[in-house]
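Numbering (this note's numbering), first residue to last: 49 to 383.
Ideal Cβ positions, reconstructed from N, Cα and C, are used throughout, including at glycine.
Read through the structure below, which is laid out as structure tokens, and then see the notes.
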Ligand code: GDP
Ligand code: CA
């Protein structure tokens, strides 16, 4: 089975790791009967800091799937040190609100060097994925686009006007506490989907949306020209997992991202953002379809959506696979 996943950072990475655990890989003829998983990662969070290109969501995916993530934090490297960041601070260089760990810095140095040598972000990401053993797990990681894009958040400035902050500054430095008027994505108009992205959606057997942020993670991927059309056109069922449980994000500030869009902060509100291509939707038991208004035609299943640990993530991914297989049966021949 070919599975394509559109992922942000922590929510996307934890779900994808659960997916790999949930997929049967017991090719009985001894050959590799494994499913192929293509992960399309959000690049709207990308930022250049102290001259280095940092791709937070791709890195979270790499470290999590590579078994090197700081589990408690959900991002960054386990057993990380911050000697270089300390020295940079002493030199008055670099933003103090963004953590650049020593091991993590090697990733950014390598990426920046390879980009400077003319490699595309896709090619760079392929090299990093090899470092973390993703191909051996049947995983291909693709940035949504090779064109540099950056999500900006428009907020009030001090003079009664507006200013645009880089998403990371709004999220990490201000904890999304400055009310957002809107989100814009610099570079998106000139962007095109990275090689294989659209094909991975169109030719998939199943497309999964992890419980990633619907606005600044999945919403950015959906904005890359062609992606939304590919989702509408694919024969594969598209199954998503709500990032909101009982109207609240598990972590992060998805609520602060949905409000400026005028979207209800609920599992039903998020489903509405995907209504033109979504076939199946997993919601928490607190958001039972009997009590909420989901888009018509959507197959909604409720279960405990919390990924408490890796087993919990595998259980959640297993439920998404099951709903996908059910829809696959129902839509066979629909093409
Ligand atoms: P980020 O880029 O690191 O912010 O991560 P993502 O965009 O991939 O995911 C963030 C979203 O994941 C947030 O809106 C959370 O509510 C959601 N999330 C985190 N943990 C869980 C969980 O255990 N279950 C569910 N259903 N959602 C979760
Ligand atoms: Ca992110």
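Cβ-based burial, residue i [other Cβ within 10 Å; buried from 16]
i: residue 286; result: buried
i: residue 222; result: exposed
i: residue 154; result: exposed
i: residue 330; result: buried
i: residue 385; result: Only positions 49 to 383 of the chain appear in the structure, and residue 385 is not among them; the question remains open.
i: residue 207; result: exposed
Proximity below 9 Å, CB of residue i to CB of residue j
i: residue 93; j: residue 289; result: no
i: residue 226; j: residue 156; result: no
i: residue 354; j: residue 343; result: no
i: residue 89; j: residue 106; result: yes
i: residue 110; j: residue 55; result: no
i: residue 316; j: residue 340; result: yes
i: residue 332; j: residue 350; result: yes
i: residue 220; j: residue 211; result: no
i: residue 122; j: residue 181; result: no
i: residue 371; j: residue 347; result: yes
i: residue 267; j: residue 245; result: no
i: residue 172; j: residue 199; result: no
i: residue 362; j: residue 100; result: no
Sheet register partners of residue i (DSSP bridge)
i: residue 51; result: 85, 254
i: residue 332; result: 351
i: residue 193; result: 241
i: residue 14; result: Outside the displayed span of the chain (49 to 383) sits residue 14, for which this structure offers no information.
i: residue 211; result: 203
i: residue 288; result: 257, 329
i: residue 266; result: Beta-bridge pairing links residue 266 to no other residue.
i: residue 297; result: 292
For residue i, the first and last residue of its enclosing alpha helix (DSSP H)
i: residue 104; result: 104 to 113
i: residue 131; result: 131 to 138
i: residue 155; result: 150 to 164
i: residue 340; result: Run containing residue 340: none; DSSP gives neither H nor E here.
i: residue 315; result: 315 to 321
i: residue 356; result: Unbroken run through residue 356: none, as it is neither H nor E.
i: residue 390; result: There is no way to answer for residue 390, as the model of the chain reaches only from 49 to 383.
i: residue 225; result: Unbroken run through residue 225: none, as it is neither H nor E.
Endpoints, beta strand (DSSP E) assigned at residue i
i: residue 58; result: Per DSSP, residue 58 belongs to no beta strand (DSSP E); it is in the alpha helix (DSSP H), 58 to 70.
i: residue 98; result: First-last for residue 98: undefined, no H or E at that position.
i: residue 233; result: 230 to 234
TODO: List in chain order the residues whose CB is within less than 7 Å of at least one heavy atom of ligand 2.
DONE: 56, 57, 90, 93, 104, 105, 261, 264, 265
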